[in-house]
Amino acid sequence: MYRWVFIIWAFLFFPFVNAEAQNTSNKGKEFWIAYTGHIDGATSKMYLYITSDVNTTADVRIGGLPVSGSPFLITANQVQGVSIDPAAYIGSSDVKEIGKAIQVIAEKPVVVYSHIFKAARSAATLVLPTKVLGREYYTTNYIQNKQGGNNPGPAYSQFTIVAVEDNTLVEITPKANERNGRHNAGQTFQVPLNKGEIYQYQSDTDLSASHIISIASASGLCKPIAVFSGSSWVGFCNDLTPSGNGGDNLYQQLYPITAWGKEFITAPFIHKPYDIFRIYFSKDNTSLTINGVATNPATFNKGTFYEFTAAQANSIVASEPISVVQYQISQTCDPDNVGIPNNTPVPHPGDPEMTVLNPVEQTLNKITVYSALRSQTVPPTNITQHYINIIIKDEFKASFTVNGLAPEGTFVPIGSSGYSYLQEDVTARSTISATHTLMADGGFSAIAYGYGNVESYGYLAGADAKNLYQNLQIFNATTRVERTDVCAGETAAFTLVLPYQPTSITWTIDGIVEAPILNPTFNSSEVINGTTVYKYNYRQDIPFVQPSAHEVKVTMVNPTPSGCDPNEEIIVDFEVFDLPTAKFSSSNGQTCAGVPITLTDESIPNGKNIARWFWDFGDGKPLVERRNAAPFEYIYTSSGDYNITMWVESESGCASIPTTPIAIHVNKLPQANFRFTTPSCETRNITFTDQSVANEGVITKWYWKFGDVNATVANPNESTAQYPVHVFSQPGTYTISLIVETDKGCSSIAVEQQLVINRLPVVDFDTPDACVSDVAVMFNNKSTNADGTTAGLTYLWNFGDSPGPLNTSTNANGTHKYNAFGDYTVTLTITSAEGCSVTLAKPFRVNGATPSAAFQVLNENNLCSNRDLVVNDESAVLGFGNLTKLEWYIDGEKVSEKRNPLSNDTYALNYPAFTSPLTKIVELKLIAYSGDVQGPCYNIATKTITLHAAPVVKFDALAPVCVNVGKIQIIAEETGNIPGQGVFTGQGVSPAGLFDPARVGVGTWDITYTFTGDNQCADQRTQSIVVKPIPKVNIASDLYAFIDGTIQVNASVTESDLRFKWSPSKGLNRDDILNPVITADDDRVYTLTVTSSLNCDETVRVNLHVLRTVVPPNAFSPNGDGVNDVWILNHLESYPNATVDIFNRYGEKVFLSQGYSIPFDGNYKGKPLPVGTYYYMINPKNGRKSVTGSLTLVR
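In mature numbering (1 follows the signal peptide of the UniProt record, and there is no 0), the protein residues as written are -21 to -1, 1 to 1174.
Printed below as a string of structure tokens:
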């Protein structure tokens, strides 16, 4: 009987994994697979995906015959897809299928995945190698839909058995009736099978926990079998709520109960409201706790299961071995997807899937996941999101890496269990690289899963599922570390573990059979999950020198065989791998302290891939262990000479010899230092002086940063000069940074100093008016600090006179006596308390002592008091200089002054206007200065003039008028009783002030009134007048209505805020609105008056025409007797557009009239018509029906 270990790998575009375990392997050289039932039958597709960590070949056969393209070349770490012929499809139930088993035979160990799919209905499984198959199973299924969603075909719960040896006898106890009624639930039956034969059992009811066991046949042997379990299609929210639309097929190879465990930790699937869990039991009276709480019922028997739902992580502990299965629900069950319109992606896609979990006793520390593209299948799947759940002990989570890097997600603690879980999103990374390597210092569980629209997958991506009670272990004889493979040059020890004490053990080493050991004595024992196991060591340790493949087989005689052949055997295939060769290169033989060097691995695997790299940098720090071969950087923090060595370890645990050391010299770093000039003031040059020390080598480069945000291209913020100069345009505190570099390429640590740039003071002073006769000239100092204060300022004046002590001053306000007129330059320098100086120079003139005042009055003979008095200045300074000031006076009152006047300038002086008396005589005086007004340098000129009285016009604002108001009189007047005459000007107004709005039209118009006195003094005022429009009414002049009918007036206006009045009001529903309703009782003329808010009105007339019923007479006698000589049609005049047509009995038209102004007189073309009957048609042409009838003409 074979007892083996296997690893669960997820597959292809659902990430599939290459897992490694201690003395176990999911890899193999022979596999048996079944193409199980699918809702779409043989129109579905099946692919196998084969991969390996070494180059090899694989032969794929169906019914013993190779498929097209077989054997296939398998390239290491690549995936080979193989399409399976639909002829291998198993759609039957309770039928022995022959010639449909799929077999894979590989030259070297490979991993195989099987995928059955169509459209968005897919499922896949890791295929277990023949050597790890067991003999007893319980199936995992779920509640079963009767129909397959939108597919009209039936859906079935199912399990499928493949015999891998002849004379296999399988005993089955189903949990539900066979779909054809040939077997009933709970009734055990047997099925004999030979190698390559398949038996499938289907039911429309859940088959979960059906019992399958290989029993002794006539040969007495219990043969291993492969069992697949699942459903052809299923959809569910929970065990009480199926999903009719969102579903998938379920397909997974089962693990024998010898691989079950007692303790499980679960993690929730991401973006799901909850997950479903089923716990299957292998022994009677098993107790169970979930998150520390005992379940109800307290115990369970074998062949049953317990179900619960949870949205959080869980800790599950049982007293006996159990199997835990986690189920994903249909996307239609997710409340976040409710109400999403059809053909719109839902926020949380994904359909049912089941994942068998591994117990904490069986974990791995390395798993390689391959996430292939969804387009690798034809047609492609709907999967668009990929995730990996990791469950790991807290002590190992810090060491966990994805592709050698820390995970992007965050570990979440699971209560007080000592475990944490991670939900890692690898969707984006899978589009860049299909491979994800997961590693940690301790074992962990990995579940690979993903979602797409109405499709999902979920598989245990890595777990050690070995038989805990019966196995063969390989140890390094020196370290006693259990190994999967053996390294060249090592000595291996072998230990047989059995749950019983055999009566005989026979060892076979590489085909050499040794003598049986009868009634052997075990070397040690221990209790595992309540079962005592006995350990038997091989008689000696075996040294292995060269790389090679080996096989160890142990045959035991079981004293209590439980109905099977007592002869049992375990076979272990293992390889001896050569040691890897460690080698690396450095980017540089010398470096600088704090500067990284790049180290590149160049090691050669020789055997299995290298898994770990150990680096010793010779600096006394701990070894650096890396999990990938990517180049990396290392930094020496201290100068000196160091030796770097490294060695590597392969995936099989084989370590290389350390490399020959590579010498590295680490140069000392220079030390940067500097100073700068003071005082430090804004807008002034600041010089920086380098004071750095090289320590080793010579400083050759300088990198300055001035921290100046106001730097410019001409005044940059950085410099590479040794002694740079920089100007700071703004005050403030600046961080100056300097880095220096030596000829060894070593750069210093940046040294920084704070530089305070002080503000310049503000210099300013006034230059006074001065003449040579002034006693002294005082310059008023207006200088301040930048904040407006004067504290701490010092002053230095230079008056621009002859050199000597009297030419300078340090007083705040400078005073100086000039002895000669002329032009001078006065300079003031001020210095702040911080030492910042600024200088201001101003030109200064000392004028001559003799000014001459003179002027002329313009238009002197016609000076009106309401007009400016205009004078022309003719003053000057005799000798040298300029006038400093002019002052004008009328009758002693100053009316104007001008500092620093221009020569021959004109001035407008103002005197208060008056109306009485008619004339006034006043004195006009001018004082001209050439120095300070308090000094002696001035001259006076006077003149007597006559001013005339001026009229005053009153012209009040004008009210708006309507354009149709007629001519209006404009009123204005002169109020000063000045003799003279006034006149109006402007558009639409007469000189006498008669304004005609109709003449100028709507708008705003200016009207001016000018009054001119007899003394030719005048005054005028202007006012604007607004001419408003009259309302515009759009309305038909004629309205037509049937007698006693109603009609609503259809009128419109161009303005708002209008009033309406209709006259007369008879027949109107209202007479004060624009569109009243009229009752047509008689012809009538209405008048509508529309009035604006300015009382501008417009009047229109509307004629109401009442249309009366026309009743034509049925006879008339045009015989000239004056009675009924013409055919009278009363009220037809109400229809001015009516037409009248009369026909004879032959249909000929004998009369036609548009309107009826000339009635029918019985003649046609001037001749009397014969007596008889005629026919008429009268069309009113106003919407009324035509009037027709017969007319009798008599004479």
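Beta carbons are placed, not taken as given, at the ideal position from N, Cα and C, and that holds for glycine.
Item: N- and C-terminal bounds of the alpha helix (DSSP H) containing residue 1177; Value: Residue 1177 lies beyond the residue range present for the chain, which begins at -21 and ends at 1174; the question has no answer from this structure.
Item: Element boundaries [alpha helix (DSSP H), containing SER409]; Value: 406 to 411
Item: Cβ pair VAL476, ASN450 closer than 7 Å; Value: yes
Item: ILE236 - DSSP class collapsed to helix/strand/coil; Value: helix
Item: Inter-residue CB distance, PHE51 and THR30 (contact presumed, cutoff 8 Å); Value: PHE51 to THR30, Cβ: 11 Å. No contact.
Item: Alpha helix (DSSP H) segment containing ASP373, residue limits; Value: 373 to 376
Item: Alpha-carbon spacing of SER788 relative to TRP776, whole angstroms; Value: 5 Å
Item: Proximity winner among VAL856, ASN838, ALA855, PRO538, relative to LEU848 (alpha-carbon distances); Value: ASN838
Item: Integer Cβ distance of TYR284 from SER187, believed to fall under 8 Å; Value: According to the sequence displayed, residue 284 carries Phe and not Tyr. Right, their Cβ atoms sit about 6 Å apart.
Item: Own chain residues within Cβ distance below 7 Å of VAL1173, not counting five before or after; Value: ALA1094, SER1096, VAL1150
Item: Burial state of HIS17, where buried means 16 or more other Cβ atoms lie within 10 Å; Value: buried
Item: For PRO896, the three-state DSSP class (helix, strand or coil); Value: coil
Item: The segment 152 to 167 touching the segment 41 to 50, judged by at least three CB pairs closer than 8 Å; Value: no
Item: Pair within 7 Å by beta-carbon distance, ARG1000 and PHE893; Value: no
Item: Range of the contiguous alpha helix (DSSP H) that encloses VAL574; Value: Note, VAL574: premise wrong, no alpha helix (DSSP H); not H, not E.
Item: Run of the beta strand (DSSP E) containing ARG1080, from where it starts to where it stops; Value: 1076 to 1086
Item: Sub-7 Å separation of GLY175 and ALA80 beta-carbons; Value: yes
Item: Reduced DSSP category for LYS110 - H, G, I as helix; E, B as strand; rest coil; Value: helix
Item: Contact set for ASN2: own chain, Cβ-Cβ below 8 Å, skip 5 residues either direction; Value: Confidence in ASN2 is poor, its pLDDT being 39 and thus under 50, which makes the residue's placement unreliable; the coordinate value appears in the next sentence. Same-chain partners within the cutoff: VAL(-17), LYS445, ASN450, LEU451, GLN452, ILE453, GLU461, ARG462, THR463, VAL551.
Item: Contained beta strand (DSSP E) runs [length at least 3] in the segment 40 to 109, N- to C-terminal order; Value: 51 to 53, 58 to 62, 74 to 76, 81 to 97, 100 to 106
Item: DSSP-derived helix/strand/coil call for PRO740; Value: coil
Item: Residue span of the beta strand (DSSP E) that contains VAL706, given as start and end; Value: 704 to 706
Item: CA-to-CA distance, GLY165 to ALA(-1), given in whole angstroms; Value: Confidence is the limiting factor: at ALA(-1) the pLDDT is only 32, short of 50, which leaves the residue's position unreliable and the question unanswerable from this model.
Item: Pairwise C-alpha distance: LEU819 and CYS742; Value: Note that residue 742 is Val in the sequence shown here, rather than Cys. For VAL742 and LEU819, the distance between alpha carbons rounds to 6 Å.
Item: Those residues which DSSP pairs with HIS795 across a bridge; Value: VAL756
Item: C-alpha distance - PHE1139 paired with ASP1062, whole-angstrom precision; Value: 26 Å
Item: Where ALA197 falls: helix, strand or coil (DSSP); Value: coil
Item: GLU547 classed as buried or exposed, judged by whether at least 16 other C-beta atoms fall within 10 angstroms; Value: buried
Item: Host beta strand (DSSP E) of ARG257 (start-end); Value: 254 to 260
Item: Beta-carbon proximity of ILE308 to ILE269, cut-off 7 Å; Value: no
Item: Member of HIS1110, SER409, ASP373, GLY509 whose CA lies at the smallest distance from the CA of SER395; Value: ASP373
Item: C-beta contact flag for PHE823 and HIS795 at 7 Å; Value: no
Item: For VAL1005 and SER1044, the rounded distance between their alpha carbons; Value: 35 Å
Item: Cβ-based neighbour list, GLY961, same chain, cut-off 8 Å, excluding 5 preceding and 5 following; Value: VAL932, ALA951, GLU952, GLU953, TYR988, THR989, PHE990, THR991
Item: Euclidean distance between Cα positions of TRP984 and PRO1008; Value: 14 Å
Item: ASN316 - DSSP class collapsed to helix/strand/coil; Value: helix
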